[in-house]
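I have placed the structure first, in the form of structure tokens, so that the comments after it can refer back to it.
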């Protein structure tokens, strides 16, 4: 007869084996006996996601890495079906949480969802904002633990940067997030790609439109730089919690709409409609 404590351990082992994490990543992860499924966020005893104050007619946020058959490892552009483009934000230490919250208010008011690539230390500092992102249907992905230049680190240190943030995402939402974006560089070197795939990310989410809003140019400059290069299938990178970025957004979103361009989370850029 199996004693109760052994049954708890067996259930924990079965739950861990179902997660899309590489074995090395699981090695340092302490998990409860009953884990949510990494793909759906559900499981024995899991509480349902809270309903947003102004519900959107959207599907829940994708929380497991996306695998796209035939696509390159590093994604800088998508198919652009129906005028779609991916609107993405990096959430980094130093971002103003009040400005970030107002940005989410604006997106909710427009009925839009986006992809946010979060640094682990930002997740630790702003748990309520991180939770709100998921509750309102935005995608929340991995931007490494400390936002270091990975090209300057050893391969074990690169793995640690990716895997520590993945653990935070899993504890927050039951999955390691659909995307990883390497900090400080648009594309990544082979060591980063190996570490990403070891952690369970088949693709790295890069971009083709970068207005360098982290340098705090004027709202008009941010808007002009995006509109100069963006088109169907584009991947735009912005920064959450930057005042000038927030000020640029209303006119930018209106201009995109006039061009019949529709901002979506990155997963929706690469998946057929309705999936």
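Residue numbers (the working numbering): 108 to 382.
Ideal Cβ positions, reconstructed from N, Cα and C, are used throughout, including at glycine.
inquiry  = For residue 361, report the span of its beta strand (DSSP E) as first-last.
reply    = Counting along the chain, residue 361 falls outside any beta strand (DSSP E), though it belongs to the alpha helix (DSSP H) covering 350-365.
key: Residues sharing a beta bridge with residue 371, DSSP   = 193, per the DSSP bridge assignment.
ask   = Does DSSP put residue 337 in a helix, in a strand, or in coil?
value = Coil, per DSSP.
query = Terminal residues of the continuous alpha helix (DSSP H) containing residue 206?
reply = First-last of the alpha helix (DSSP H) with residue 206: 204-216.
ask   = Quick one: what does DSSP say residue 236 is sitting in, helix, strand or coil?
value = Looking at residue 236 - three-state DSSP - the assignment turns out to be helix.
ask   = With C-beta atoms as the reference, is residue 178 less than 8 Å away from residue 310?
value = Yes, Cβ-Cβ distance for residue 178 and residue 310 is below 8 Å.
inquiry  = Pull the bridge partners of residue 225 from the DSSP assignment, please.
reply    = According to DSSP, residue 225 bridges with 198, 249.
query = Is it right to say residue 343 is buried, meaning 16 or more other beta carbons lie within 10 angstroms of its own, or is it exposed?
reply = Per the 10 Å Cβ criterion, buried.
6 Å Cβ shell around residue 100 - same chain, five flanking residues per side excluded = In the structure as shown, the chain begins at 108 and stops at 382. Residue 100 is therefore absent and cannot be evaluated.
query = Pick from 290, 304, 312, 287: whose alpha carbon is nearest that of residue 341?
reply = Taking only the C-alpha atoms, the option nearest residue 341 is 312.
key: Near the ligand GDP: residue 364 beta-carbon under 7 Å from a heavy atom   = The ligand GDP is not part of the structure shown, which contains no ligands of any sort.
ask   = Using DSSP with H/G/I as helix, E/B as strand and the rest coil, what is residue 300?
value = It is helical.
request  = Tell me residue 181's beta-bridge partners as DSSP assigns them.
outcome  = Residue 181 pairs with 311.
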